[in-house]
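Going by numbering that gives the first Met the number 0, the residue at position 112 of the sequence shown is 111; the numbering climbs one at a time, nothing skipped.
Notes follow once the structure below has been shown.
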Amino acid sequence: MIIKIINFSIAIMLICGAGSSSASFKPDVSDVAALQRGARTYMNYCVACHTLKHVRFDGLAKGIGISKKLMAANLIFSGNTEVLGNSTIGNAMQPKDAEAWFGVVPPDLSLVARSRGTSWLYDYLLGFYADPSKTWGVNNKTFPDVAMPHVLATEQDNLSAAEYRSLVADLVTFLAFVGEPHQLERQRIGVWVLLFLGILLVFAYLLKREYWKSVK
């Protein structure tokens, strides 16, 4: 029982499903359309169990390029628009109910892309397959004996293989953005910092040569 709970606790951090790490997946967090599609998938299938406690609704709306009104209409199914103030993304699941249903409280996924890596997540989300011997009727190639359901099964059944991979890619891209929403800004600033340091190095070298030329 303890081993099962530990397995579930680790697995539930990973949301919905993926294959073995056969290739590197690098999400493009500058793709606003992908972020919007990923947010829709997350709110439809994942948020009922997994919170994003480090993300605020208003900040997410700004980050994925939509208005608060559009977010309220498409991503807040409770109709409670008051959360668009400064509320973080939570759910209505009570801890005691979660423990009764799953054995553990589903963890927050704000940083799952950073802790596990996007390639691992992508493979995991593609790795579910039918296994009648398991509690939820599925198993996973990347995480054998995973103790959680395949919540994207309906999408996988209704979409082509390419379309489903695209949906998973969008979801992982969204989680990568959530884990570090300012990464594009950081990268832009980093370029200027490196340029400044390069120029500073040139002047430092010229100054050093001027100081020491009389010593030779």
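Backbone N, C-alpha and C fix where the C-beta goes; we use that ideal spot for every residue, glycine too.
Requested in this report: Assuming Leu74 and Arg39 form a contact by the criterion Cβ under 8 Å, report the distance between their Cβ atoms to the nearest whole angstrom.
Outcome: 7 Å
Query raised in the report: Three or more C-beta pairs closer than 8 Å, one from the segment 43-59 and one from the segment 92-105: is that the case here?
Result: yes
Query raised in the report: Mapping DSSP to helix, strand and coil, what is Asn157?
Result: helix
Query raised in the report: Starting from Val137 and walking both ways along the alpha helix (DSSP H), at which residues does that stretch end?
Result: No alpha helix (DSSP H) contains Val137, which is instead part of the beta strand (DSSP E) from 137-139.
Requested in this report: Pick helix, strand or coil for Ala129, following the three-state DSSP scheme.
Outcome: strand
Query - Short Cβ contact (9 Å threshold) for Phe142 with Gly116 - result: no
Query raised in the report: Excluding five sequence neighbours on each side, which residues of the same chain lie with their C-beta closer than 8 Å to the C-beta of Ala152?
Result: Phe127, Val137
Query raised in the report: For Ile65, which three-state DSSP category applies?
Result: coil
**Report entry** Euclidean distance between Cα positions of Lys207 and Glu179
**Finding:** 40 Å
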